[in-house]
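What follows is one structure encoded as structure tokens, with my remarks underneath.
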Amino acid sequence: MIEQAYSAIARGYDRFNEEIDYDAWAAFCAAYFPDKGLILDLACGTGSMSMALARRGYEVIAADLSCDMLAIAQEKAASAGHSILFLNQDMTRLDLYGTVDGAVCCLDSMNYLLDEKDLLACLKGVSLFLNPGGVFVFDVNTPWKFKHVYGDKHYILEEPDMLIAWQNQFDEQSGLCDFVLDVFSKEKNDLYRRQSEMHQERCYSSAVLCQAAKDAGFVIEGIYSDFAGTAYTESDERWYFVLRKNLGVA
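Using the working numbering, read the sequence shown as starting at 70 and increasing by one per residue.
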């Protein structure tokens, strides 16, 4: 049985992503955000980015579609003493209580928007709730990465009490990449429970992303290869977009 994405892997997500430097991510965003204010962490997952922003003194509101990931995020934030509002929302149907001063969406969550209609809906939603002149920072997996790193390759990820068998299938014509994850979780008496979930991402060109950003009322401040601000190239594995809401857009 195929389960909803980020259900089976929620418990092991942080351990399998220990190499991610969320503080560096937050520092990159802070260079464009105001010194203080309310920041949206879109597709927040287990809340690691939310807490990195909170440690820098920001108020944070965070949204994600996965209830399993949000449950972990809430536990982590409470344990760390951070007051973060977590919302269970679809990133294409964003509905906040008011405007925010900045927004971030990290770790290729934008690739989960499977067609240009959803991409534009997401960008327009962020623009709607972002104060004029505010900045939206996000990253995407690049066409080069889908073709040369993901492709039709298979991976094994292993921790002492969990193993993930990861199988990819990339259709270059449609731009869609399927990720089938078989998750084996250790339980009592050294028995393992198997769960399967499928993820799907869309490969977007820089041209399509730029046009969608402009259509949503953003000015493209920069597209980078890394947190150092290196100009992007077509052979990058990841692009970092910095969009500023047009001052003329209410």
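The beta carbon of each residue, even a glycine, is placed where N, CA and C say it ideally should be.
Beta-carbon gap between Leu189 and Gln269 smaller than 8 Å: no
Assigned secondary structure, Ala262 (DSSP; H/G/I helix, E/B strand, else coil): A quick correction: the sequence has Arg, not Ala, at residue 262. In the structure shown, Arg262 sits in a strand (DSSP, three-state: E or B).
CA nearest to the CA of Asn210, picked from Phe239, Asn200, Ser152, Asp159: Phe239
Straight-line Cα distance separating Gly291 from Phe310: 6 Å
Sub-8 Å separation of Lys216 and Glu306 beta-carbons: no
Sequence-distant residues of the same chain with beta carbon closer than 6 Å to Met179, five excluded per side: Phe207, Val209
Test item: CB-CB of Gly202 and Leu316 under 8 Å: yes
Element boundaries [beta strand (DSSP E), containing Glu290]: 287 to 293
DSSP bridge partner residues for Phe253 (one or two, in chain order): Leu232, Arg263
Identity of the residues DSSP links to Trp308 by a beta bridge: Val209
Own chain residues within Cβ distance below 7 Å of Leu199, not counting five before or after: Thr168, Val169, Ala172, Phe205, Lys314
Span separating the alpha-carbon of Asp16 from that of Thr115: For residue 16 there is no data in the structure shown, the boundaries of the chain being 70 and 319.
Ala95 versus Tyr101: straight-line alpha-carbon distance, rounded: 10 Å
Own chain partners of Arg84 with C-beta closer than 8 Å, once the 5 adjacent residues on each side are dropped: Glu228, Met231
Short Cβ contact (8 Å threshold) for Leu156 with Glu128: no
Cβ neighbour criterion (16 or more within 10 Å) applied to Gly110: For the sequence presented, residue 110 should be read as Asp rather than Gly. Looking at its Cβ environment, which holds 16 or more other Cβ atoms inside 10 Å, Asp110 is buried.
Segments of 3+ residues assigned as beta strand (DSSP E) that fall wholly inside the region 77 to 135: 107 to 111, 128 to 133
DSSP state of Gly203 mapped onto helix, strand, coil: strand
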